[in-house]
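A quick write-up on the structure given underneath.
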Amino acid sequence: MKVHLFITCLNDALFPKTGIATTQILERLGHTVEFDPRQTCCGQMHLNSGYRKEAAVLAKQFIEVFKDAECIVSPSGSCVANVREMFINLGKWTEDEALVSDAEQLRERVFELSEFLLTVEKIEDVGAYFPHRVTYHPTCHATRGLGLSDSPLKLLKAVKGIDYVELPDSSQCCGFGGTFSVKNADTSSAMLADKCDAVNALDVEYCVALDNSCLMHIGGGLKKSSKEPKVIHLAEVLASREER
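For the sequence shown, position 221 matches number 241 in the numbering used here, and the numbering has no gaps at all.
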């Protein structure tokens, strides 16, 4: 199958290793990965800030770029939720019937990486080896927006050599929320402190998640601690094939 990679602007600019890891996993499973350089931001940040017209322009650009793609995969539950759930609402809010129609046709072909592996590929073990003590933070958009709940843990627990430790109060938001962390800095910082305390109490080497936006936030908070667990995207764990 030809899989089109939606890398997201955050990953492209700050976390390129995640895109590389995603490609490695998909190619390992026999897929041909296509990357269209015309792709831009999906408009989530604009939409969250109330700029609907500007977000609609980016939504239409996204649809134009991926309109002929059979399958679109992205290592971001946040951005996939925006494309799949919010593009339709955006079209309704701006009274753009064409956008609503195009978004409805597109949504069934867009998948978050772990979702693609579990529901389309129907596979849990991708041949990864990661001999480290880790915990997992379920990001809000993936859990609530896409309904993934704890299903990505099936992939994580199938990794050979891994030492998984459950995160207390894991469903609690890390406080990032995109522009929320900027507009409500005090509240965001308090939520982040709780999340970092929970991670630090486990004495783990890594905190894993599906979204680098949340990992960026958590990673910044953890750097202020003495233990400094690292943060890592699930794709990078699944792509790892370290020698025993």
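Beta carbons are placed, not taken as given, at the ideal position from N, Cα and C, and that holds for glycine.
State the DSSP-derived secondary structure class of residue 196, mapped to helix, strand or coil. In this structure, residue 196 counts as coil in the three-state DSSP scheme.
Close beta carbons around residue 122, own chain, < 6 Å, minus the five adjacent residues each side: 83
From residue 217 to residue 151, what distance separates their C-alpha atoms? 24 Å
Using alpha carbons as the reference points, say which of 196, 147, 90 lies closest to residue 125. 90
Is it right to say residue 131 is buried, meaning 16 or more other beta carbons lie within 10 angstroms of its own, or is it exposed? buried
Residue 172 burial status per 10 Å Cβ neighbour count (16 or more: buried): Residue 172 is buried by the Cβ-count criterion.
Would you check if the region 208-217 and the region 132-140 touch, i.e. whether three or more CB-CB distances between them fall below 8 Å? no
Residue 134 and residue 168 - do their beta-carbons sit closer together than 8 Å? yes
Range of the contiguous beta strand (DSSP E) that encloses residue 82: Segment 72-86 is the alpha helix (DSSP H) holding residue 82; no beta strand (DSSP E) there.
Sorted by chain position, which residues of the same chain lie with C-beta nearer than 7 Å to residue 239's C-beta, five sequence neighbours on each side aside? 251
Alpha-carbon spacing of residue 116 relative to residue 79, whole angstroms: 12 Å
In this structure, does DSSP put residue 217 in helix, strand or coil? Looking at residue 217 - three-state DSSP - the assignment turns out to be helix.
Where does residue 33 land, buried or exposed, given buried means 16+ other C-beta within 10 angstroms? exposed
Same chain, Cβ closer than 6 Å to residue 56, five either side skipped, listed in chain order: 85
Excluding sequence positions up to five away, which residues of its chain have a Cβ less than 6 Å from the Cβ of residue 101? 161, 165, 166
At what residues does the beta strand (DSSP E) containing residue 138 begin and finish? Looking at the DSSP string, residue 138 is not in any beta strand (DSSP E), and its letter there is neither H nor E.
Spell out the partners DSSP gives residue 94 in its beta bridges. 132
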